[in-house]
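Everything on this sheet refers to the single structure shown next.
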Amino acid sequence: MQNIAIEFQAVTPENMQVIRPLAEKIWQKTYGPLLDPAQIDYMLPMMYRDERIVKEIQDGYRWELFVVDGQVLGYLDYKLMEDNRVFLSKIYLDTDQQQKGLGKLMLEHVIEYAVVNKADAVYLTVNKHNAKAIAFYERNGFHCIESKTFDIGEGYVMDDYIYQLSL
């Protein structure tokens with residue numbers, strides 16, 4: 348990873364249109380084998396509507412694009428919560444760019460934010476069947492602290508583990 352330009356750009360109304368197509372590509376490859384296609388079709392518009400992203404930003408979430416050599420390769424969504432932990436809501440990297448150390452850079456960026464803000468931990472949810480993501484988080488010091496099922500409407504649930512990195 349020598350001589351590459353890495354940037355974390357704040358998501359704005361002017362640049363947010365790149366998130367949805369990237370999310371669709373990543374989700375099809377990541378969740379296609381794990382979830383019913385109808386659930387993916389339900390969740391993507393629910394989670395990636397421009398209005399929802401704008402509302403989350405207004406509510407203090409930090410939405411950022413991960414830009415490498417001028418190309419948007421991923422995105423992050425995280426927030427310092429009232430319990431003094433950083434909730435990493437979304438960390439997604441183009442599946443063609445995985446296994447190159449870029450996901451680790453994204454994760455380290457959030458951890459650095461947590462340290463600077465004197466947070467006690469970083470936590471996230473991960474699909475119980477996403478072995479690749481679980482292995483990534485465990486390699487980076489996260490531990491499973493809870494198992495939780497979230498009702499997301501229309502008869503669908505997110506069956507997740509909650510992973511945490513104590514700081």
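Residue numbers (my numbering): 348 to 514. Just so you know, even glycine gets a beta-carbon here, dropped at the ideal spot from N, CA and C.
Under the three-state DSSP convention, the category residue i falls into
i           : result
residue 358 : coil
residue 483 : helix
residue 424 : strand
residue 468 : strand
residue 418 : strand
Residue range of the unbroken beta strand (DSSP E) whose run includes residue i
i           : result
residue 490 : 490-500
residue 511 : 503-513
residue 411 : 409-415
Endpoints, alpha helix (DSSP H) assigned at residue i
i           : result
residue 367 : 366-378
residue 451 : 449-463
Beta-carbon proximity of residue i to residue j, cut-off 8 Å
i           : j           : result
residue 479 : residue 508 : no
residue 411 : residue 355 : yes
residue 427 : residue 413 : no
residue 433 : residue 439 : no
residue 400 : residue 469 : no
Where residue i falls, given that 16 or more other Cβ within 10 Å makes a residue buried
i           : result
residue 517 : This structure does not reach residue 517, given that the chain is present from 348 up to 514, and the question cannot be answered.
residue 364 : exposed
Residues of its chain near residue i, where Cβ-Cβ distance is below 8 Å and the 5 sequence neighbours each way are ignored
i           : result
residue 496 : 504, 505, 506 and 507
Beta-carbon contacts of residue i that lie in its chain and below 6 Å, excluding the five residues immediately before and after
i           : result
residue 385 : none
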